[in-house]
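Below is one structure, written out as C-alpha cells; the observations come after it.
In the working numbering, the protein residues as written are 181 to 521.
So, in C-alpha cells, the structure goes:
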C-alpha cells in the first residue's frame, strides 16, 4: 500500500534526482522548467518521440512511456496540451535518471516490490518540483491542506499542468487521500495518492456519489463517497470536495481533517480488505482482492496462477513404455497403457 513513508521517500528521491541532474548538467532544472520538451530534444543521448495516446503505457500515471533502449527514448502523447506534455516528459525523464544512475537505484532495494511504486511516485514528484517552485506552493496551500478550489487557483497562478499541481497538492494532504483529475465523462485523467492505494488512469469514477453530482451541476460538490479501484472494488468512505478546472473536475479525498470543514472525524473503513495468503503450489506470499476459488476459497496466486486446490492429474506415466498418456489410454484396473497392456 502507498503510505506516508513512501510519499516521503518519493520526495527524498525526487530531491536526489534533481541534485544528480544539476551535477551532470548545471542549470538543466531551470531550463526544463521553462520548456521540458524543447530542452530534452537538445540532449544527444535521448530521443524524444510524440505518439498517439493509445500507444502510451496504461500502467503509467501519465500519457507517456520510457524505453531504456539502447538507444534510450521517451514517448509523450502528442494530443495533450503543452503543459501536460512537459509534465509527461519530465516524468519519463525521471524514469531515465533512476534506471541509469546507480545512486538513485539504491532505495529500491528497501522496497518490498523492488521499487516499482517508489519509482513512479518519484517521477511525479520530480516533475512537480521542477515545474512549481516552493514559494508558489506555500503562497496558495496553507498548513490546513488543499481544497479543490485552492488547487484550481494554484494552477491558474502557475504555468504548470493540472497534473503537476495535483502532485504538489497531494504532498500537502493532511491525511491519507487522493487528488483526482477527471474529464467531463467521469474518467480518471490523473491521480495523485497519499497514504492510500493508487487509482488506475482511465478508470471510471463518474457514477460514484459526489462526483456524479458535481459533473451534473456546477462542478462544486462536497460529501462522503468511495472511489473505485480495479474490477469495481470500492475503497473506504472518504470526505470529498470538488471544483471545476477549465474542462476538467478536480476532486480532493481525505479520510479525516478535511480542510474545507471545521471538524472532520475519521471515516469508517467500509471498503473491502485484501488478505494475506501463501501459495500452496509455489510458496509465494501475496495479497489479493480477486474472487476466491469456489472449491478451496483461496484466490489464485499472481505468481503461478494456482489456488489451493490439489492439482488435477491429466496424464499418467506408463511403466511399460515410460511415456505419459492421458487417463483414457489406460484400461480400467491397469497401470499400463493400451499399447503395452
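We put the beta carbon where it would ideally sit given N, CA and C, even for glycine.
DSSP-derived helix/strand/coil call for residue i
i	result
residue 478	coil
residue 183	Note that residue 183 scores 49 on pLDDT, short of 50, meaning its location in the model is unreliable and no value can be drawn from it.
residue 247	strand
residue 282	helix
residue 340	coil
residue 274	helix
residue 516	coil
residue 458	strand
residue 488	coil
residue 330	helix
residue 189	helix
residue 203	helix
residue 314	helix
residue 215	coil
residue 424	strand
residue 320	helix
residue 222	coil
residue 195	helix
residue 265	helix
residue 210	helix
residue 417	coil
residue 433	strand
residue 412	helix
residue 325	coil
residue 399	coil
residue 301	helix
Residue from the options whose Cα sits closest to the Cα of residue i
i	options	result
residue 348	475, 395, 480 and 188	188
residue 224	250, 213 and 199	250
residue 310	331, 328, 326 and 338	338
residue 380	231, 316 and 243	243
residue 327	458, 515, 291 and 401	401
residue 382	363, 292 and 496	363
residue 305	195, 424, 319 and 325	195
residue 496	481, 518 and 482	518
residue 231	413, 245, 221 and 218	245
residue 286	413, 509, 325 and 197	197
residue 532	473, 423 and 193	This structure leaves residue 532 out entirely; the chain is present only between 181 and 521.
residue 312	331, 280 and 387	331
residue 484	473, 213, 460 and 318	460
residue 317	284, 393 and 352	352
residue 413	388, 431, 392 and 393	388
residue 391	371, 420 and 373	420
residue 191	314, 396 and 441	314
residue 298	257, 222 and 372	372
residue 252	300, 296 and 279	279
residue 296	473, 385 and 186	186
residue 385	511, 302, 204 and 366	366
residue 265	222, 281 and 217	217
Closer than 6 Å: residue i CB and nearest the ligand PLP heavy atom
i	result
residue 381	Here there are no bound small molecules, and the ligand PLP is not part of this structure.
Sequence-distant residues of the same chain with beta carbon closer than 7 Å to residue i, five excluded per side
i	result
residue 202	208 and 209
residue 475	489
residue 409	377, 379 and 415
residue 335	342, 345 and 425
residue 514	521
residue 399	422, 423, 424 and 429
residue 333	320
residue 502	none
residue 199	none
residue 569	In the structure as shown, the chain starts at 181 and stops at 521, and residue 569 therefore has no counterpart that could be examined.
residue 181	No answer about residue 181 holds up, because its pLDDT of 37 lies below 50 and its placement is not dependable.
Cβ neighbours of residue i in the same chain (closer than 6 Å, five flanking residues each side left out)
i	result
residue 183	Because the pLDDT at residue 183 is just 49, under 50, the model does not fix this residue reliably, and the point stays unresolved.
residue 437	354, 355 and 444
residue 324	439
residue 500	516 and 520
residue 267	307, 341, 343 and 344
residue 486	461
residue 350	359, 372 and 374
residue 261	none
Cβ shell of residue i (< 8 Å), same chain only, five flanking positions each side left out
i	result
residue 418	357, 358, 404, 405, 406, 407, 433, 434, 435 and 447
residue 428	342, 361, 362, 363, 364 and 369
residue 254	220, 226, 227, 228, 229, 244, 245, 246, 247, 269, 272, 273, 275 and 276
(message) Threshold first: 4 residues or longer. Then list the alpha helix (DSSP H) segments lying entirely within the region 345–397, N to C.
(response) 391–396
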